[in-house]
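Student: At position 271 of the sequence shown the residue is numbered 271 (full-length UniProt numbering), and the sequence of numbers has no breaks. Quick one: structure below, then a few questions.
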Amino acid sequence: MKQQISPLKKTFLYAFLFIGVIISVFPFYWMFVGATNPSGEIFKVPPNFLPGDYGWENFKNLNENIGIIRVMGNSLFITLTFTAISAIVCTAAGYAFAKFQFKGRNVIFFMLLVAIMIPYHVTLIPLFEIFGSVGWLNTFQAVILPQVAYPFAIFLMRQNMQSIPDSLLEAARVDGAGEFHIFFRIVLPVMRPALAAVAIFLFMFQWNNFIWPLVVLQSQEMYTLPVALSSLVGMSRIDYGQVMMGTTLSTLPIMIFFLLLQKQFISGILGGSVKE
C-alpha cells in the first residue's frame, strides 16, 4: 500500500522546499534588481529589494563601454557553432567506441579518459603556438576548434550508445542500410535525450569559456561576453549596475537553451532510471 504522509510532515516538507526555492532563486532576483538600479543603490543600507527604472541606462552605458550587442553576437555565433559541430563529432565518436570493434579501441578510449583528467590550462601554451603557426590567432575558429572533440561528451555518449541493442543495428545492415544511414536515421533519433543533455553541457561550457578566448582573442571587436565583462572589473571605478546588467544578459541564453531542450533532457534522465 502507498504510505500516506501526515499533514504535519507534508507541511514541513513544503516549507523546506519553499525555503530551498527562495535560496536558489534569490541570487538571480538580486542580480536583476542590481541590473535595474544605479551602482550606488546596490550598496544602499538598508538594501533596496525592488527593481528600479535605471535598467535602460545601464544597458546603454554597457553598450558604450564594451559593445554588448556585438559581444553577445560573437558569443552566440561561437557557442552555437561549437555546440552543433561538437555534438555531432562527440556522438559519432561515442557510437564508434560503443558499437565498432577496431584495433587499439581500448587503448584510445583509455587515452580519452586520461585526457579528461588533464587540467585544461596545461594545453593553453601548445594550442596558442599551434594556432599562431597557422595564422589563426584572433579568429573565431581558434576559439571553436580546440575542444570540438570534448572528451567528457564522448565518454557520456559512448555510455549511452551501449544501451542500443546490437540486434537492431545488425537488422538494419541486413536490410541493406549503410553506416551513415544507420547513424543518422536510427541511432540519433534514439539518442535524442542523451544528445540534448550533451548539447546543454557543451553550450554552457563554451558560453562560459573565459581563459582560452582571453588568450587567443586580441581585439575588442572579437571578444566574447565573459572576456568583455572581465574588462569592466579592471576599470578604476567599477560600475556594478553595468556589471549586473551584463551578468543578467549572460544568463539569459543559457536559461533559454535549457528551456528549449528540457523536455528531451528530463525524458533522458527518467528513461535511464527505468528498467525494462
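Heads up, the beta-carbon is just placed ideally off N, CA and C, and yes, glycines get one too. Source: prediction; values computed, not measured.
With a threshold of 7 Å (Cβ to nearest heavy atom), would V134 be considered close to the ligand SAH?
Tutor: The ligand SAH is not part of the structure shown, which contains no ligands of any sort.
Student: Can you give the Cα-Cα distance for Y150 and G52, rounded to whole angstroms?
Tutor: 42 Å
Student: Are the beta-carbon atoms of M31 and T248 separated by less than 8 Å?
Tutor: yes
Student: Roughly how many whole angstroms lie between the Cα atoms of W136 and I125?
Tutor: 14 Å
Student: State the Cα-Cα distance for the pair I144 and F16, rounded to the nearest angstrom.
Tutor: 43 Å
Student: Taking all protein chains shown into account, decide if G73 is buried (16 or more other Cβ within 10 angstroms of its Cβ) or exposed.
Tutor: By the neighbour-count rule (16 or more Cβ atoms within 10 Å), G73 is not buried but exposed.
Student: What is the rounded straight-line gap between the Cα of L8 and the Cα of P27?
Tutor: 30 Å
Student: Under a three-way DSSP split, which group does L260 fall into?
Tutor: helix
Student: At a cut of 8 Å, does the stretch 150-163 reach the stretch 102-118 through at least three beta carbon pairs?
Tutor: yes
Student: Report the rounded CA-to-CA distance for S230 versus N65, giving the unit in angstroms.
Tutor: 12 Å
Student: Considering Cα atoms alone, identify which of N106, F180, M244, N209 is closest to V33.
Tutor: M244
Student: Indicate the three-state DSSP secondary structure (helix, strand or coil) for L217 in the structure shown.
Tutor: Residue state for L217 is assigned as coil, using DSSP reduced to three classes.
Student: Give every residue of the same chain whose Cβ lies closer than 6 Å to the Cβ of A98, excluding the five residues on either side of it in the sequence, and list them in chain order.
Tutor: Within the same chain, and ignoring the five residues on either side of A98 in sequence, the residues whose Cβ sits closer than 6 Å to its Cβ are R158, M161, Q162.
Student: Taking L260 as the reference, give the member of S250, P193, N208 with the closest Cα.
Tutor: P193
Student: Just list the alpha helix (DSSP H) runs in the stretch 119-145, keeping only unbroken ones of 4 residues or longer that don't cross its boundaries, in chain order.
Tutor: 124-133, 140-144
Student: Using the Cα positions of S250 and V190, report the straight-line distance between them to the nearest angstrom.
Tutor: C-alpha of S250 to C-alpha of V190: approximately 32 Å in a straight line.
Student: So, with DSSP's three-state summary, where would you put S273?
Tutor: For S273, the predicted structure reports a pLDDT of 42, less than 50, and the residue's modelled location is therefore unreliable. A value from the coordinates is still provided. Of the three classes helix, strand and coil, the one that applies to S273 here is helix, per DSSP.
Student: Cα separation between M1 and P165?
Tutor: Because the pLDDT of M1 is 48, which lies under 50, any placement of that residue in the model is unreliable, and the question is left without a value.
Student: For the stretch 30-91, list the alpha helix (DSSP H) runs that are entirely contained and at least 4 residues long, ordered along the chain.
Tutor: 39-42, 55-66
Student: Output needed for I78: all residues of its chain with C-beta closer than 7 Å, excluding positions within five of it in sequence on either side, in chain order.
Tutor: F140, V143, I144, Q206, T224
Student: Determine the extent of the alpha helix (DSSP H) in which I154 is found, giving its start and end residues.
Tutor: Per DSSP, I154 belongs to the alpha helix (DSSP H) from 151-161.
Student: Going along the chain, which residues of its own chain have a beta-carbon closer than 6 Å to the beta-carbon of T81, five neighbours each way excluded?
Tutor: I144
Student: Is D175 helix, strand or coil by DSSP?
Tutor: coil
Student: State the Cα-Cα distance for the pair G271 and Q264, rounded to the nearest angstrom.
Tutor: Confidence in G271 is poor, its pLDDT being 47 and thus under 50, which makes the residue's placement too unreliable to answer from.
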